[in-house]
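Enquirer:
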Amino acid sequence: MSRRSLTVLLAIMAFSLMSVAVSAKNDAGDTITANLKLTASTTVGTTQLPAGEYKVTADSSKAKFQQNGKVVAEVPCTLKDFSGKINQTTFIIDNNKLTEIQVSGKTKAIEFSSGM
9 MSRRSLTVLL
19 AIMAFSLMSV
29 AVSAKNDAGD
39 TITANLKLTA
49 STTVGTTQLP
59 AGEYKVTADS
69 SKAKFQQNGK
79 VVAEVPCTLK
89 DFSGKINQTT
99 FIIDNNKLTE
109 IQVSGKTKAI
119 EFSSGM
């Protein structure tokens, strides 16, 4: 095998290993993403969000609310375990406060504290 062929082969192997690592991280369930449409001003944690459409991305400690590709709020959260996969995406709002997002196909929900 020529030196050039060996270099190409090693580069392909390294790229393949990186791809597997990225896929494993994405499949681990450490991040939950949901789309949310608020029809009225709503509080999440201690943050007031105006009516509108948001993309929510949450990990085990914070949720980012994006609107038109820009982060408009970061709110503390926790990921709550469910015994099985959630069947339907559900948003729980109590007295104009978003308290939980359950995302279809996931085994965890995003839970928000009421603020302090």
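Note that my numbering numbers the sequence shown so that position 96 is 104, with each residue one more than the last.
Here a beta-carbon is modelled for each residue, glycine too, at the ideal position from N, C-alpha and C.
#1: Can you find the residues in the same chain that come closer than 8 Å, C-beta to C-beta, to GLY92, ignoring five residues on each side of it along the sequence?
#2: Flag this pair as yes or no: are the beta carbons of ILE109 and VAL64 separated by less than 8 Å?
#3: Compare the Cα-Cα distances from ILE118 to each of GLY53, ALA48, LEU46, SER49 and report the closest residue.
#4: For ASP102, write down the residues that DSSP places opposite it in a beta bridge.
#5: For SER121, which residues from the same chain have a beta carbon less than 7 Å from its beta carbon, with the 5 sequence-adjacent residues on both sides left out?
#6: By a C-beta neighbour count over all protein chains shown, 10 Å radius and 16 as the cutoff for buried, is PHE90 buried or exposed?
#7: In chain order, what residues of the same chain have a beta carbon less than 8 Å from the beta carbon of LYS70, not counting five sequence neighbours either side?
#8: In chain order, what residues of the same chain lie with their CB nearer than 7 Å to the CB of GLY60, ignoring the 5 residues before and after it?
#9: Would you give the residue range spanned by the beta strand (DSSP E) that ILE94 belongs to?
#10: What span of residues does the beta strand (DSSP E) with PHE120 cover, start to end?
#11: Whose C-beta lies closer than 7 Å to the C-beta of LYS88 among residues of the same chain, with five residues either side of it excluded?
Expert: A quick look at the data gives this:
#1: Excluding sequence neighbours, GLY92 sits near THR115.
#2: Yes, the pair counts as a contact, with Cβ atoms nearer than the cut-off.
#3: Distance check between ILE118 and each of GLY53, ALA48, LEU46, SER49 places GLY53 closest, using alpha-carbon atoms only.
#4: Looking at the DSSP output, ASP102 bridges to LYS105.
#5: Within the same chain, GLY53, PRO84 come within 7 Å of SER121 by CB-CB distance, once the 5 residues on both sides are set aside.
#6: Residue environment analysis places PHE90 among the exposed positions, since fewer than 16 neighbouring C-beta atoms fall within 10 angstroms of its C-beta.
#7: Scanning its chain for C-beta atoms nearer than 8 Å, with the 5 sequence neighbours on each side dropped, one finds around LYS70 the residues GLU82, VAL83, PRO84, CYS85, in chain order.
#8: Closer than 7 Å at Cβ, skipping near neighbours: LEU46, GLN75.
#9: Neither: ILE94 is in no beta strand (DSSP E) and is coded neither H nor E.
#10: If you look at PHE120, you'll find it isn't in any beta strand (DSSP E); DSSP assigns it neither H nor E.
#11: For LYS88, where only same-chain residues beyond five positions count, the Cβ hits under 7 Å are LYS116, ALA117, GLU119.
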